[in-house]
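Presented below is the structure to which this report refers.
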Amino acid sequence: MTGRIGPGLVGEVMIPVRGGVEAFYAHPVDPREEITVGMVVVVVEYHPPRTVYVAPAFGQ
1 MTGRIGPGLV GEVMIPVRGG VEAFYAHPVD PREEITVGMV VVVVEYHPPR
51 TVYVAPAFGQ
């Protein structure tokens, strides 16, 4: 996570793609959840062109 996300907020994640790293807008899978900068996340859903829904990879 490079930008905090939470209820009503859109964050940012950097994802390795095609041999580089690209930024994507990130929303929490659980809309009540807050995910802070630096947390490792897993992408649960992708919506083209640059939106992903994420969850913490190791729980809170």
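In this note's numbering, the protein residues as written are 1 to 60.
Just so it is clear, CB atoms sit at the ideal spot from N, CA and C, and this is done for glycine as well.
Keep in mind it's a predicted model, so treat the numbers as computed, not measured.
- Under the DSSP assignment, Gly20 falls in the beta strand (DSSP E) whose first and last residues are 20–28.
- Bridge pairing for Pro56: Val41 [DSSP].
- In this model, Met14 and Tyr25 are separated by some 9 Å (Cα to Cα).
- For Thr2, the three-state secondary structure derived from DSSP is coil.
- Scanning its chain for C-beta atoms nearer than 6 Å, with the 5 sequence neighbours on each side dropped, one finds around Tyr46 the residues Val52, in chain order.
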